[in-house]
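Student:
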Amino acid sequence: AQKVTQAQTEISVVEKEDVTLDCVYETRDTTYYLFWYKQPPSGELVFLIRRNSFDEQNEISGRYSWNFQKSTSSFNFTITASQVVDSAVYFCALTDSGAGSYQLTFGKGTKLSVIP
Amino acid sequence: SAVISQKPSRDICQRGTSLTIQCQVDSQVTMMFWYRQQPGQSLTLIATANQGSEATYESGFVIDKFPISRPNLTFSTLTVSNMSPEDSSIYLCSVDETGAYGYTFGSGTRLTVV
């Protein structure tokens, strides 16, 4: 069975600080996909990134960066120079071919508060 | 990526009644998913809806409580039946897009049962 663990329930940082959100996953499959989503207070789910299990290159997109390490089954997300607009709940998710229907398994989410 | 229109965006309903949530996609998609997010919790998959077949429900969710229709490749509905306060949640539909965009979600329906 697949599982996603986000150990940090809530994080508070002061604006302009860097912050890293942790994500650890479990799957028996060798082919899988990892995702990060942002859920602002309005409730919609905003797609941030998808990474497949064969691509361990780290990725940077503006102030966002992701560190994928298969050796530790982790897919961490760093926001550099955080801003108040980054305040949201962030979900890490996993899907693998073993699920059959490619359903997403979500972690419990990390609530990030950026204080001005 | 696909654009999903989900209606209603929010509703307050009386216990014992039913609410039907609609999800319209601007392109044809094979698989659609319905998720529930209880207050302060993560998302839990309710069912997978493929056009032309019965929806596949996850453990803990049954068709009598959450009937789903999928009449074509761009539309689906989820009904929350005989509602109780425990059904107060955000309900989200999602579509499976292969490629770089990942899964796209509707804006959600925030349901409050009183």
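Residue numbers (the working numbering), protein chains in the order written: chain A, 1 to 116; chain B, 1001 to 1114. C-beta atoms are modelled at their ideal positions from N, C-alpha and C, and glycine is treated no differently. In this text, all values refer to a predicted model and were calculated from it rather than measured experimentally.
So, using beta-carbon positions, are R1070(B) and A1047(B) closer together than 7 Å?
Tutor: No.
Student: Are any of the Cβ atoms in chain B nearer than 7 Å to that of Q103(A)?
Tutor: Yes, Q103(A) lies at the interface with chain B (some Cβ there is under 7 Å from its Cβ).
Student: In terms of DSSP beta bridges, what is M1032(B) paired with?
Tutor: Answer is A1049(B), V1095(B).
Student: Does the Cβ of S82(A) have 16 or more other Cβ atoms within 10 Å, making it buried, or fewer, making it exposed?
Tutor: S82(A) comes out buried.
Student: Candidates S1027(B), F1105(B), N1072(B), F1061(B): which alpha carbon is nearest D977(B)'s?
Tutor: Since the first residue shown for chain B is 1001 and the last is 1114, residue 977(B) is missing from the structure and cannot be characterised.
Student: Please report whether the beta-carbon of L1019(B) lies at a distance below 7 Å from any beta-carbon of chain A.
Tutor: No, no contact with chain A.
Student: Could you have a look at V1062(B) and say whether DSSP puts it in helix, strand or coil?
Tutor: Residue state, collapsed to three classes: coil.
Student: Does L1078(B) have its Cβ less than 7 Å from a Cβ in chain A?
Tutor: Answer no: the Cβ-Cβ gap between L1078(B) and chain A never drops below 7 Å.
Student: Count the other CB atoms, across all protein chains shown, that sit within 10 Å of the CB of E17(A); report buried if there are 16 or more and exposed otherwise.
Tutor: Classification for E17(A): exposed.
Student: Identify, in the order they occur along the chain, each residue of the same chain with its Cβ nearer than 6 Å to the Cβ of K1007(B), setting aside the five sequence neighbours on each side.
Tutor: Correct list, in chain order: Q1022.
Student: Quick one: which chain B residues come within Cβ less than 7 Å of L45(A)?
Tutor: Within 7 Å Cβ-Cβ: L1092, F1105.
Student: Can you look up T1109(B) in the DSSP assignment and give me helix, strand or coil?
Tutor: Correct three-state label for T1109(B): strand.
Student: Given K1065(B), which residues of its chain have a CB within under 8 Å of its CB, disregarding the five upstream and five downstream residues?
Tutor: V1080, S1081, N1082, listed in sequence order.
Student: Helix, strand or coil, according to DSSP, for V84(A) in the structure here?
Tutor: V84(A) falls in the helix class under three-state DSSP.
Student: For M1031(B), which residues of its own chain have a beta-carbon under 8 Å away from its beta-carbon, when the five flanking residues on both sides are left out?
Tutor: Once the five neighbours on either side are set aside, the close Cβ partners of M1031(B) are T1048, A1049, N1050, V1095, D1096.
Student: According to DSSP, simplified to helix, strand and coil, what is D96(A)?
Tutor: Three-state result, D96(A): strand.
Student: Please report the Cβ distance between F77(A) and W36(A), rounded to the nearest whole angstrom; I am assuming they are in contact, meaning their Cβ atoms lie under 8 Å.
Tutor: Correct: roughly 5 Å between the Cβ atoms.
Student: Going by the beta-carbon positions, is the gap between P1085(B) and V1113(B) smaller than 7 Å?
Tutor: In contact: P1085(B) and V1113(B) (Cβ atoms closer than 7 Å).
Student: Counting only beta-carbon separations shorter than 7 Å, does G1108(B) have a partner in chain A?
Tutor: G1108(B) counts as touching chain A.
Student: Counting only beta-carbon atoms, is G109(A) nearer than 7 Å to chain B?
Tutor: Yes - at least one Cβ of chain B is within 7 Å of the one on G109(A).
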